[in-house]
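Residue numbers for the sequence shown follow this note's numbering, beginning at 654 and rising by one.
Built from N, CA and C at the ideal position, the CB exists for glycine as well.
Remember, it's a predicted structure, so these values are computed and weren't measured experimentally.
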Amino acid sequence: MSEEQIKELEIQFEARIARDEKIEPKDWMPEKYRQTHIRQMSQHAHSEIIGMLPEGNWITRAPTLRRKVALLAKVQDEGGHGLYLYSATETLGITRDELLEQLHTGKAKYSSIFNYPAISWADMGAIGWLVDGAAIINQIALCGASYGPYARAMVRICKEESFHQRQGYEILVTLMKGTQEQKNMAQDALNRFWWPSLMMFGPTDAESPHTAQSMKWKLKRKTNDDLRQQFIDQTVPQAELIGLTIPDSDLKWNEEKQQYDSGEINWDEFWQVVKGHGPCNKERMKARIAAHENGQWVRDAAMAYAEKKEKRKTNK
Ligand code: 3HC
Numbered sequence: 654m655s656e657e658q659i660k661e662l663e664i665q666f667e668a669r670i671a672r673d674e675k676i677e678p679k680d681w682m683p684e685k686y687r688q689t690h691i692r693q694m695s696q697h698a699h700s701e702i703i704g705m706l707p708e709g710n711w712i713t714r715a716p717t718l719r720r721k722v723a724l725l726a727k728v729q730d731e732g733g734h735g736l737y738l739y740s741a742t743e744t745l746g747i748t749r750d751e752l753l754e755q756l757h758t759g760k761a762k763y764s765s766i767f768n769y770p771a772i773s774w775a776d777m778g779a780i781g782w783l784v785d786g787a788a789i790i791n792q793i794a795l796c797g798a799s800y801g802p803y804a805r806a807m808v809r810i811c812k813e814e815s816f817h818q819r820q821g822y823e824i825l826v827t828l829m830k831g832t833q834e835q836k837n838m839a840q841d842a843l844n845r846f847w848w849p850s851l852m853m854f855g856p857t858d859a860e861s862p863h864t865a866q867s868m869k870w871k872l873k874r875k876t877n878d879d880l881r882q883q884f885i886d887q888t889v890p891q892a893e894l895i896g897l898t899i900p901d902s903d904l905k906w907n908e909e910k911q912q913y914d915s916g917e918i919n920w921d922e923f924w925q926v927v928k929g930h931g932p933c934n935k936e937r938m939k940a941r942i943a944a945h946e947n948g949q950w951v952r953d954a955a956m957a958y959a960e961k962k963e964k965r966k967t968n969k
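See below:
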């Protein structure tokens with residue numbers, strides 16, 4: 654294709670984005686648009702799968718059968734989200750094996766939040782309430798993303814994340830109605846998960862290399878800072894309602910801006926975790942790779958079945 658032809662296609666593409674049309678897998682798209690989507694969507698898929706690990710550890714230790722059923726369903730949902738997102742990413746011309754290879758070799762990132770340990774039952778509450786709460790705010794915006802398969806996956810995922818957020822909050826509501834020890838446990842979980850939850854939204858807009866282009870292509874509909882602010886404004890009253898204190902001494906309502914002012918995030922900690930030096934990075938990757946290797950027989954069996962079925966069809 655000549656340079657002029659590519660230019661013309663790019664103009665048509667930008668016009669479609671401006672008209673808010675969805676871009677579909679077989680449509681022409683700039684190579685950088687494709688690569689950016691593979692990067693973000695696959696990191697999102699990896700986050701869902703790695704995100705099963707901290708909560709998965711608590712399924713056998715849930716305090717009641719009802720709690721166990723809800724947590725089990727939540728963790729399974731996260732696995733499902735990973736699968737939708739891997740499938741959606743594959744529509745951009747990359748295979749599942751390549752995507753997993755990128756995760757297992759450390760080439761692809763996953764959300765920093767999952768590199769923190771879940772050490773008490775209250776952490777199941779904090780993760781559902783804060784981590785899924787942050788994910789919803791981010792993902793509601795992504796329902797309007799320009800790439801059709803990603804936007805559509807987000808609609809269903811957001812519905813399920815809402816249930817996750819409610820079940821997490823309800824765990825904390827229950828603990829906050831309990832003994833002083835239970836209240837302390839809930840507060841301790843909030844203390845440990847508050848700042849890492851704010852980090853989930855990524856670096857500040859000024860420090861984010863991808864935001865400007867992703868906003869132009871409508872991959873992102875809101876910036877990292879705007880989403881983070883929305884999360885703070887929405888979550889602080891929820892904490893206050895049940896008697897929890899947000900661990901930020903600089904947090905205060907700004908009447909003029911009609912939003913909360915808040916303290917500085919520890920960005921050194923964020924980048925350490927992103928670069929693989931968080932409290933649980935090594936443990937998470939070890940568990941993930943072991944799960945992949947232990948699941949080889951399942952993939953082999955599924956492939957053998959598919960081949961057998963195909964053979965039967967061609968013999969008919
Ligand atoms: N953890 C790890 N890496 C992060 C990060 C985080 N919290 N925030 C940013 N980064 C990485 C980016 O991936 C990028 O790295 P790269 O250049 O190697 O790809 C780099 O830091 C610079 O950040 P940018 O802000 O420029 O990058 P993006 O434009 O991609 O924005 C994002 C980052 C806001 C996380 C965006 O990718 C996004 O909205 N992703 C989709 C949502 C997602 O991935 N959520 C994961 C949360 S967990 C989840 O949903 C599971 C649920 O069940 C709880």
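In the structure shown, Tyr-822 falls within a helical segment according to DSSP collapsed to helix, strand and coil.
When DSSP states are grouped into helix, strand and coil, Trp-906 belongs to the strand group.
Taking non-hydrogen atoms of the ligand 3HC into account, the C-beta of Asp-785 is found less than 6 Å away from one of them. Glu-708 and Ala-771 do touch by the CB rule: their CB atoms are close to 7 Å apart, below 8 Å. For Ala-954, there are no CB contacts under 7 Å within the same chain when 5 residues up- and downstream are skipped. The C-alpha of Ile-899 is placed about 7 Å away from the C-alpha of Val-889. Counting only the Cα atoms, Glu-661 lies some 44 Å from Asp-921.
Remark: the C-beta of Glu-701 is in contact range of the ligand 3HC, defined as less than 6 Å to any heavy atom. Gln-693 has its Cβ nearer than 6 Å to a heavy atom of the ligand 3HC.
Per DSSP, Tyr-913 is one residue of the beta strand (DSSP E) stretching across 912–914. Contact annotation, Tyr-763 with His-699: C-beta distance approximately 4 Å; criterion of less than 8 Å satisfied. Of the candidates His-757, Ile-790, Leu-851, the residue whose Cα lies closest to the Cα of Ser-765 is Leu-851.
The alpha-carbon separation between Thr-967 and Glu-960 amounts to approximately 11 Å. Look at Ile-895 here: in three-state DSSP terms it is coil, with no helix or strand label. Taken in chain order, the whole alpha helix (DSSP H) runs of length 4 or more contained in the segment 671–739 are 684–703, 705–709. With a minimum length of 4 residues, the unbroken runs of alpha helix (DSSP H) contained wholly in the segment 771–816 fall at 774–779, 785–795.
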